[in-house]
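Chemist: Shown below is the structure under consideration.
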Amino acid sequence: MAEAKLRASDSEKITINLFPVDLGQIDLLVQQGFYANRSDLIRTAIRNQLSQHADVVRQAVERNRLVLGMQHLTVTELEAVRAAGETLNLRVLGLASIAPDVTPELAAATIQSIAVLGALHASPAVKAALAGRIT
42 MAEAKLRASD
52 SEKITINLFP
62 VDLGQIDLLV
72 QQGFYANRSD
82 LIRTAIRNQL
92 SQHADVVRQA
102 VERNRLVLGM
112 QHLTVTELEA
122 VRAAGETLNL
132 RVLGLASIAP
142 DVTPELAAAT
152 IQSIAVLGAL
162 HASPAVKAAL
172 AGRIT
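So for the sequence shown, my numbering puts the first residue at 42; every next one is plus one.
What follows is the structure in structure tokens.
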């Protein structure tokens with residue numbers, strides 16, 4: 042499947058709850074110029090933790106046969122899967138993306154299961170067609 046470079050628009054927004062003292066310390070570090078803003082500090086902290094656990098992540102990716110990064114499915118790729126009489130079992134750590142022009146019928150006929158640790162970008166109709174197959 043086609044690999045694509047991740048863009049800022051591919052990022053996902055999350056919400057976290059912090060205690061006021063923790064938030065105040067973050068604001069102090071931002072004020073002192075250590076970070077551009079709160080998000081910069083939080084992203085840096087997350088990346089540091091992911092770096093510390095990189096071996097565990099790598100082993101889990103290998104053990105679970107996950108695609109690491111981005112997997113984008115197009116109409117052409119899914120039509121080829123259907124023509125071959127096959128189905129896909131997608132396992133992605135990162136971003137799974139199904140092209141906007143993929144019909145719900147084509148997705149249902151070609152995607153047997155989809156497990157995403159991260160984000161799934163697909164039309165609402167395709168997500169509905171695959172609802173029982175997404176874990």
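For every residue, glycine included, the Cβ atom is placed at its ideal position computed from N, Cα and C.
1) Quick one: is VAL133 buried, meaning 16 or more other Cβ sit within 10 Å of its Cβ, or exposed?
2) Using DSSP bridges, identify the partner residues of VAL157.
3) Whole-angstrom Cβ separation of ALA169 and PRO145, contact assumed at under 8 Å?
4) With distances taken between CB atoms, is the gap from LEU109 to VAL102 smaller than 8 Å?
5) Can the beta-carbon of ILE139 be found less than 8 Å from the beta-carbon of ALA149?
6) Using beta-carbon positions only, say whether ASN130 and SER164 come within less than 8 Å of one another.
7) What did DSSP end up calling ILE57 once you bin it into helix, strand or coil?
8) Identify every residue that forms a DSSP beta bridge with VAL108.
9) Starting from ILE152, follow its DSSP beta bridges and name the residues at the other end.
10) Is GLY173 near the ligand SAH - that is, is its Cβ less than 7 Å away from at least one heavy atom of it?
11) Bridge partners of ILE175, per DSSP?
12) What's the call for GLN112, buried or exposed, on a 16-neighbour Cβ count within 10 Å?
13) Alpha carbon to alpha carbon, how far is ALA124 from ASN89? Give it in angstroms, no decimals.
14) Is THR176 buried or exposed, if buried means 16 or more other CB atoms sit within 10 Å of its CB?
Modeler: This is what the structure gives:
1) Position 92 of the sequence shown, counted from the first residue, corresponds to residue 133. Burial of VAL133 is indicated by the presence of at least 16 other C-beta atoms within 10 angstroms of its C-beta.
2) Working through the sequence shown from its first residue, we reach residue 157 at position 116. VAL157 is bridged by DSSP to VAL133.
3) Working through the sequence shown from its first residue, we reach residue 169 at position 128. Working through the sequence shown from its first residue, we reach residue 145 at position 104. Contact holds; Cβ gap of about 7 Å.
4) Along the sequence shown, one-based indexing puts residue 109 at 68. Along the sequence shown, one-based indexing puts residue 102 at 61. Contact flag set, yes.
5) Along the sequence shown, one-based indexing puts residue 139 at 98. Along the sequence shown, one-based indexing puts residue 149 at 108. Taking 8 Å as the Cβ cut-off, ILE139 and ALA149 do not qualify as a contacting pair.
6) Along the sequence shown, read from residue 1 onward, the residue named residue 130 stands at position 89. Along the sequence shown, read from residue 1 onward, the residue named residue 164 stands at position 123. Cβ distance not < 8 Å, so ASN130 and SER164 don't count as in contact.
7) As a position in the sequence shown, residue 57 is number 16, starting the count at 1. Here ILE57 sits in coil by DSSP.
8) As a working mapping, residue 108 is identified with position 67 in the sequence shown. Answer is VAL133, bridged to VAL108.
9) For the purposes of this step, residue 152 is taken as residue 111 along the sequence shown, with counting starting at 1. ILE152 is bridged to LEU129.
10) In terms of ligand content, the structure shown is empty, and the ligand SAH therefore cannot be addressed.
11) Taking the first residue of the sequence shown as position 1, residue 175 is located at position 134. ILE175 pairs with ILE155.
12) Position 71 of the sequence shown, counted from the first residue, corresponds to residue 112. Looking at its Cβ environment, which holds 16 or more other Cβ atoms inside 10 Å, GLN112 is buried.
13) Taking the sequence shown and counting its residues from 1, one reaches residue 89 at position 48. Taking the sequence shown and counting its residues from 1, one reaches residue 124 at position 83. For ASN89 and ALA124, the distance between alpha carbons rounds to 45 Å.
14) Against the sequence shown, residue 176 aligns to sequence position 135. By the neighbour-count rule (16 or more Cβ atoms within 10 Å), THR176 is not buried but exposed.
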